[in-house]
Amino acid sequence: MSASEQTSGAASPGSWIANQPYLLLSFTALFWAGNAIVGRLAAGHIPPVTLSFLRWAIAFFIILPFAWKHLQRDWAAIRGHLVTMIVLSVTGIGAFNTLQYWALEHTQALNTLLLQSAGPLFVAVWSLILLGVRLTLAQACGIALSLAGVLVILLHGDPSALTSIRFNKGDIIFTIALAIFGFYSVLTLKRPKISGLSFVAFTFGCGSACLIPLWIWELFTRPVMQLDTANLLSLFYVAVFPSTLAYLCFNRGVQLIGANRAAPFFHVVPVFGSVMAIFFLGERLQLFHVIGFALVLTGVFIASRKQ
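Take the sequence shown: its letters are residues 302 to 608, numbered as in the working numbering.
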């Protein structure tokens, strides 16, 4: 968001929200938690490249009318940083989400939620490599505390449940996807100084375009997606919430507080996932949920606050 945009919208609710990084990152975690559930439900019904390509192509056409004038104004800056913008598109849009949906065909939700908690560690490594930024003691302690909270929730308060977890091909794929998204998260700090709408419009369009060769290959090698109500609703959700809205929120949140302080919000994703399971799948709220939620929120508060 440019300075002129911030000034012209200073009194509007939209401008206020755009400067609340913790609220924006919480929305991101909520939408991404829903994406994991929908992606798991779509596995076997919508091939992974098809789901990823249609997700971003639809999101691109949703955002384009709002971003068009910003793209025209920012095109010179985009062209001057074209390599960086293409790399961001391929990693954060094309590769990460395709690998995520592919992984969900081969692994259980519990495994992916456990692996999701490693996100801040990948961000910390890439921050050190690309920016020379080290984790502060508070950030390290906050990440450890929130990770402990995630484990309490996922293991139902029973450490012995760790022995029953089996990692497989899908877990390896998802770990690679997390490493790629950690790279994307840090590299967004090197993007040109352009409007947030210009940034997501370009990356959505470029990222989906990069998937076209893989999508064509998949059309000839896998069963084609059926145009039924469930599949269309899945496409609508992933195109609007974890794509258009979540990436606007995430990119702005990282821009405001940096990648290391934003990374602990990865831990909020499985927390929201557990809450969704309680409300939508009929699971009961238990003591280990409360303890885990408290640990995660405390850890996120410690890790994401200013030094």
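All C-beta atoms in this analysis are idealised placements derived from N, C-alpha and C, irrespective of residue type, glycine included.
- Query: Using CA coordinates, which residue listed in 332, 339 and 325 is at the minimum distance from residue 531?
  - Reply: Walking along the sequence shown from the start, residue 531 turns up at place 230. The option with the nearest alpha carbon to residue 531 is 339.
- Item | Length of the line joining the Cα atoms of residue 595 and residue 601 | For the purposes of this step, residue 595 is taken as the residue at position 294 of the sequence shown. For the purposes of this step, residue 601 is taken as the residue at position 300 of the sequence shown. Distance between the alpha carbons of residue 595 and residue 601 is about 10 angstroms.
- Just reading off the alpha helix (DSSP H) that residue 320 is part of, what are its end residues? One-based indexing of the sequence shown puts residue 320 at position 19. Segment: none, residue 320 is in no alpha helix (DSSP H) and carries neither H nor E.
- Query: Should the segment 552 to 562 be called in touch with the segment 512 to 526, which here means at least 3 C-beta pairs below 8 angstroms?
  - Reply: no
- By Cβ distance, which residues of its chain are closer than 6 angstroms to residue 421, with the 5 residues on each side in sequence left out? Residue 421 sits at position 120 when you count from the first residue of the sequence shown. Excluding positions up to five away in sequence, the list reads 444, 564, 565 and 567.
- Message: Taking 8 angstroms as the limit between beta carbons, can you name the residues of its chain near residue 588, skipping five residues before and five after?
- Response: Taking the sequence shown and counting its residues from 1, the one referred to as residue 588 is at position 287. These residues qualify, in order along the chain: 458.
- Got a sec? Which residues, its chain only, sit under 6 angstroms from residue 471 by beta carbon, not counting five neighbours each side? Taking the first residue of the sequence shown as position 1, residue 471 is located at position 170. Same-chain partners within the cutoff: 404, 407 and 408.
- Task: Using the Cα positions of residue 464 and residue 316, report the straight-line distance between them to the nearest angstrom.
- Result: Sequence index remark: in the sequence shown, residue 464 carries index 163 (1-based). Sequence index remark: in the sequence shown, residue 316 carries index 15 (1-based). So the two alpha carbons sit approximately 48 angstroms from each other.
- Cut-off 8 angstroms between Cβ atoms - residues of its own chain near residue 553, not counting five sequence neighbours on either side: By 1-based counting over the sequence shown, the position of residue 553 is 252. Within the same chain, residue 553 has close Cβ partners 302, 319, 322, 325 and 497.
- Task: Could I get the ranges of all uninterrupted alpha helix (DSSP H) runs contained in the segment 448 to 520, with 4 residues as the minimum, in chain order?
- Result: 470 to 488 and 497 to 511
- State yes or no: is the beta carbon of residue 367 nearer than 8 angstroms to at least one beta carbon in chain C? Protein chain content of the structure displayed is limited to a single chain, and chain C is not contained in it.
- Task: Count the other C-beta atoms from every protein chain shown that fall within 10 angstroms of the C-beta of residue 446, then say buried if there are 16 or more, exposed otherwise.
- Result: Mapped onto the sequence shown, residue 446 falls at position 145. Label assigned to residue 446: buried.
- Message: Whether or not the segment 338 to 356 and the segment 484 to 504 are in contact is what I'm after, with contact meaning three or more pairs of Cβ atoms, one per stretch, closer than 8 angstroms; do they touch?
- Response: no
- Neighbourhood of residue 365 by C-beta distance below 7 angstroms, restricted to the same chain and skipping five residues each side: The residue labelled residue 365 in the question sits at position 64 within the sequence shown. For residue 365, where only same-chain residues beyond five positions count, the Cβ hits under 7 angstroms are 502.
- Cα-Cα separation between residue 342 and residue 580, rounded to whole angstroms: Here residue 342 refers to the residue found at position 41 of the sequence shown. Here residue 580 refers to the residue found at position 279 of the sequence shown. If you take the alpha carbons of residue 342 and residue 580, they lie about 17 angstroms apart.
- Quick one: which unbroken alpha helix (DSSP H) runs of 4-plus residues sit fully inside the segment 336 to 412? Chain order, please. 349 to 381, 383 to 389 and 397 to 404
- Task: Go ahead and pull the three-state DSSP assignment for residue 575.
- Result: Translated into the one-based positions of the sequence shown, residue 575 becomes position 274. Here residue 575 sits in helix by DSSP.
- Query: Assuming residue 363 contacts residue 541 under a Cβ cut-off of 8 angstroms, what Cβ separation, rounded to an integer in Å, is found between them?
  - Reply: Translated into the one-based positions of the sequence shown, residue 363 becomes position 62. Translated into the one-based positions of the sequence shown, residue 541 becomes position 240. Indeed they touch by this definition, with Cβ atoms about 7 angstroms apart.
- Task: Reducing DSSP to helix, strand and coil, say where residue 307 ends up.
- Result: Residue mapping note: residue 307 aligns to position 6 of the sequence shown, counting from 1. Low confidence applies to residue 307: its pLDDT is 44, below 50, so where it sits in the model is not reliable, and the reading given next is rough at best. Helix, per DSSP.
- Item | For residue 525 and residue 307, the rounded distance between their alpha carbons | Working through the sequence shown from its first residue, we reach residue 307 at position 6. Working through the sequence shown from its first residue, we reach residue 525 at position 224. Since pLDDT at residue 307 reaches only 44, below the 50 mark, its modelled position is unreliable, and no value is offered.
- Message: Below 8 angstroms on the Cβ atoms is my contact criterion, and I expect residue 547 with residue 361 to pass it. Report the Cβ-Cβ distance as a whole number of Å.
- Response: On the sequence shown, residue 547 is found 246 positions in, with the first residue counted as 1. On the sequence shown, residue 361 is found 60 positions in, with the first residue counted as 1. With a Cβ gap of about 15 angstroms, residue 547 and residue 361 do not count as contacting.
- Message: For residue 311 and residue 373, I'd like the C-alpha separation in whole angstroms.
- Response: Start at 1 with the first residue of the sequence shown, and residue 311 comes out as number 10. Start at 1 with the first residue of the sequence shown, and residue 373 comes out as number 72. Confidence in residue 311 is poor, its pLDDT being 43 and thus under 50, which makes the residue's placement unreliable; the coordinate value appears in the next sentence. Taking the straight line joining both Cα atoms gives about 23 angstroms.
- Beta-carbon separation of residue 453 and residue 574 under 8 angstroms? For the purposes of this step, residue 453 is taken as the residue at position 152 of the sequence shown. For the purposes of this step, residue 574 is taken as the residue at position 273 of the sequence shown. In this structure, residue 574 does not lie closer than 8 angstroms to residue 453 by Cβ.
- With distances taken between CB atoms, is the gap from residue 545 to residue 386 smaller than 8 angstroms? Numbered from 1 along the sequence shown, position 244 holds the residue referred to as residue 545. Numbered from 1 along the sequence shown, position 85 holds the residue referred to as residue 386. Not closer than 8 angstroms, so no.
- Item | Distance between residue 380 and residue 643 (C-alpha atoms, nearest Å) | In this structure the chain extends from 302 to 608, so residue 643 is not present and cannot be described.
- Nearest residue (CA-CA) to residue 399, options 475, 527 and 485: Numbered from 1 along the sequence shown, position 98 holds the residue referred to as residue 399. The residue with the shortest Cα to Cα distance from residue 399 is 475.
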